[in-house]
Every structure is written in C-alpha cells, then in structure tokens.
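There are 2 protein chains.
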Amino acid sequence: MSETKTYSIRDLSLEYDITPRTLRFYEDKGLLSPLRRGTQRIYDRRDKGRLALILRGKRLGFSLAEIRNWLDLYDVRDGQVAQARMLLDASEDRMTALLLQREELNETIEELKLQMQQVEGWLDDQGLAAEAAD
Amino acid sequence: MSETKTYSIRDLSLEYDITPRTLRFYEDKGLLSPLRRGTQRIYDRRDKGRLALILRGKRLGFSLAEIRNWLDLYDVRDGQVAQARMLLDASEDRMTALLLQREELNETIEELKLQMQQVEGWLDDQGLAAEAAD
DNA sequence: ACGGTGCTTGACGTTGACGTCAACGTAACT
DNA sequence: AGTTACGTTGACGTCAACGTCAAGCACCGT
C-alpha cells in the first residue's frame, strides 16, 4: 500500500537542474546518502527534501560544510534529552545567523529602493524639462 | 577646510577584519580603485563605502563578479537618460533577485522555527514525564 | 649607516565546488 | 549479438577567492 516514491539520479538532476556529478559530489561530502539497488543510487522522498534544503542553502550563500551541519537539525531521530538540548542550541545559533542575514538583506533592499527612487525622480525631471521645452 | 579623511590599506584591513591581500585582490578585480601617493594606496570615504557594500554582498552570498556589477548602481555620475534607463532596469533586476532571496530566507527561518518548537515541545513532555515519575 | 615597519608587485599554492574525461557495468530494445 | 541509454568509479582539470611566500622600495628613529 504505502507507495514509496523513489527517484533516479537523473530524475533529480533534471528536476533541480543540476548535474549527476553534483549529486554524487554531495553524497561524497556526506550531504546525501541514497540507497543502492546494486550499484545504482536510489533516492527517496527524504533525500529529495534534503536536496531541496541544500540548494536553497546554497542560494542563500552558505557553504556545503555549513549546510551539512544544519541539515541534521531537520532529522529529529534520537530520543536523548542531551541530544535535544544540543540540537536546540545549534538551532538557535543558526537562527541568529539567519536573522542577521535578513537584517542585512533588508538594509540592502531599502538602500537600493532609495537609489531607484532617486534615478526615477531625475528621469521625471528630465521629462518635465523636455515637455517645457516643447 | 574640507577635511577629506583617508585610509591606508592597513586601516581598512583592520577595521573590516580582512587582509591587505584581499583589498589588493578586490582592486585587481575592479571593485575598488583607490588613489596612489607614489606607489601606496590611499583610500577615501567613497572607497570605504564601496568596501562595506562588497563585504555585505559577500555575506549575502553574492560573487565578486555580481557585486562588481551592481556596485555601479550606487554611482550615479553621468547625465544621460539612456544610461539612467539602463541603470534603472539593472536595478530592477537586482531588486527582483533580492526580494526572491528574502522570500527564501523567510521560508528557511519559518521552517527552522517550527523545528525548534517541536524539539521544545518534546523536551517539555520529557520534563512532565519525569515530574510524574517522582 | 642600520634596523625596523609598512608598503609594493609578482608568482605560485590552496580550498571549495564542481566539470570533464576515461573506462567500464548493466538492462532494454531490436 | 549489437547498439543505445543510463549508470558507475576514479582521476584530473578548472574557476573563484583568496593565502603565502619572495624580493624589493621608502621612510623613521637612533
């Protein structure tokens, strides 16, 4: 009954527009660990989810090493309180970094918005001047 | 009268915690172009501002090549309408990228927040269970 | 005149994140 | 049996973003 959907290396590479080499590379770096059917890799839903996290992490500018670390934050699988505490601490650290990045991103956006308004204003002035010259 | 503050390469490297090598590298890549007093580099307020933009861009995950391009967006110095239009178009492209990144960043933050709440909830449950066992 | 400090320009080394072969296995089609 | 498609594991290449020397110039205090 439980239809467990799986993916080949090509399936994922096409869907996420990356090369198979990249997927093997991520595996080599310990970011993914798909099952094997003989020698071939077989990715499941969880692998796919992790891949999505990896790619988003990259787009946000994090290194594979960083990503590798916080990927575990999404795998709550053990039942030890100490582990959970450490997990929570690590999560807080990461949250701090993310919030700081959002701050900087917001600043950047605001500054660019200002620049654009200035250029727009200047363009309008030129337009009015041209109109007046008619 | 106009006290124009300047900085040596060491001044900036200390202030921003980067090596002189990095500053020379950025110059080599066309991101900075400080004046020279003889052979020595002499950075002014504008150079310092650009450097701050560069470093923030890096923290947001952009490449030096990307940063180099949009650095010019902050240098409105010519008086051509066509140039201004192009500038505005480029700015809009960059704004789109920034907004998209903010979206992804927000998603990431929300997901992590959820994960943390789950772990916290689990820790609380453990606490209650331990209490009940007393 | 001498040593120290800080700067300069090459030139080569390094690390991360893959790309690009080469050489081979395997399953499917015809 | 041959070819086509898709997969595999090395091994080496590449590009960005610097680090790390080496060798040398310029001023400064003693």
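If you read the sequences in order, they're chains A and U. Count along the first sequence from 1, then add 362; that gives the number in my numbering. Count along the second sequence from 1, then add 362; that gives the number in my numbering. Beta carbons: idealized from backbone N, C-alpha and C, even for Gly.
Taking Cβ to Cβ, would you say residue 497 of chain U is nearer than 8 Å to residue 485 of chain A?
What is shown of chain U runs 363 to 496, which leaves residue 497 of chain U out entirely.
Counting contacts by CB-CB distance shorter than 8 Å, is residue 414 of chain A in contact with chain U?
Here residue 414 of chain A corresponds to residue number 52 of the first sequence, with the count starting at 1. Closer than 8 Å: no.
What do you reckon, is the C-beta of residue 386 of chain A under 7 Å from a heavy atom of the ligand SAM?
By its list of ligands, the structure shown contains no ligand whatsoever, and the ligand SAM lies outside what it can speak to.
Is DSSP giving residue 470 of chain A helix, strand or coil here?
By one-based count along the first sequence, residue 470 of chain A stands at place 108. Of the three classes helix, strand and coil, the one that applies to residue 470 of chain A here is helix, per DSSP.
Quick test of your reading: residue 366 of chain U and residue 406 of chain U, contact by CB under 8 Å. State the CB separation rounded to the nearest angstrom.
What you label residue 366 of chain U is simply residue 4 of the second sequence in a count that begins at 1. What you label residue 406 of chain U is simply residue 44 of the second sequence in a count that begins at 1. About 6 Å separates the two Cβ atoms, so the contact holds.
Pairwise C-alpha distance: residue 395 of chain U and residue 471 of chain U:
On the second sequence, position 109 is the one that residue 471 of chain U refers to. On the second sequence, position 33 is the one that residue 395 of chain U refers to. Going by the C-alpha atoms only, they are around 38 Å apart.
Mind checking residue 409 of chain A: buried by the 16 CB within 10 Å criterion, or exposed?
Locating residue 409 of chain A in the first sequence gives position 47, counting from the first residue. Burial call: buried.
Taking DSSP as the reference, what is the three-state secondary structure of residue 368 of chain A?
Here the question's residue 368 of chain A lines up with position 6 in the first sequence. Looking at residue 368 of chain A - three-state DSSP - the assignment turns out to be strand.
CA-to-CA distance, residue 380 of chain U to residue 460 of chain U, given in whole angstroms:
For the purposes of this step, residue 460 of chain U is taken as the residue at position 98 of the second sequence. For the purposes of this step, residue 380 of chain U is taken as the residue at position 18 of the second sequence. Within the model, the alpha-carbon separation for residue 460 of chain U versus residue 380 of chain U is close to 25 Å.
Proximity test, Cβ basis, 8 Å: residue 478 of chain U and chain A:
Here residue 478 of chain U corresponds to residue number 116 of the second sequence, with the count starting at 1. For residue 478 of chain U, the answer is yes, since a Cβ of chain A falls inside 8 Å of its Cβ.
Under 8 Å Cβ-Cβ, which residues of chain A neighbour residue 463 of chain U?
Position 101 of the second sequence holds residue 463 of chain U. Chain A residues near residue 463 of chain U: 421, 422, 467.
Should the segment 387-402 of chain U be called in touch with the segment 415-427 of chain U, which here means at least 3 C-beta pairs below 8 Å?
A contact exists between the segment 387-402 of chain U and the segment 415-427 of chain U.
Which partner residues of residue 415 of chain A appear in the DSSP bridge assignment?
Counting from 1 along the first sequence, the entry for residue 415 of chain A is found at position 53. Residue 415 of chain A pairs with nothing; no bridge assigned.
Does DSSP put residue 405 of chain A in a helix, a strand or coil?
Along the first sequence, read from residue 1 onward, the residue named residue 405 of chain A stands at position 43. If DSSP states are grouped into helix, strand and coil, residue 405 of chain A belongs with the strands.
Ends of the beta strand (DSSP E) at residue 397 of chain A?
As a working mapping, residue 397 of chain A is identified with position 35 in the first sequence. Taken as a continuous stretch (DSSP letters only), the beta strand (DSSP E) holding residue 397 of chain A covers 397-399.
Closest to residue 434 of chain U by CA distance: which of U:450, U:404, U:400 is it?
Locating residue 434 of chain U in the second sequence gives position 72, counting from the first residue. Ranking U:450, U:404, U:400 by CA distance to the CA of residue 434 of chain U puts U:450 first.
Using only the alpha-carbon positions, how far apart do residue 464 of chain A and residue 413 of chain U sit?
Looking up residue 464 of chain A in the first sequence gives position 102. Looking up residue 413 of chain U in the second sequence gives position 51. Their Cα atoms are separated by approximately 20 Å.
At a Cβ threshold of 8 Å, is residue 349 of chain U touching chain A?
Nothing about residue 349 of chain U can be read from this structure; chain U reaches only from 363 to 496.
Starting from residue 387 of chain A, follow the alpha helix (DSSP H) in both directions and report where the run begins and ends.
Counting from one through the first sequence, the residue named residue 387 of chain A turns up at place 25. Residue 387 of chain A -> alpha helix (DSSP H) spans 382-390.
Straight-line CA distance for residue 483 of chain A to residue 493 of chain A?
Along the first sequence, read from residue 1 onward, the residue named residue 483 of chain A stands at position 121. Along the first sequence, read from residue 1 onward, the residue named residue 493 of chain A stands at position 131. Taking the straight line from one Cα to the other gives about 15 Å.
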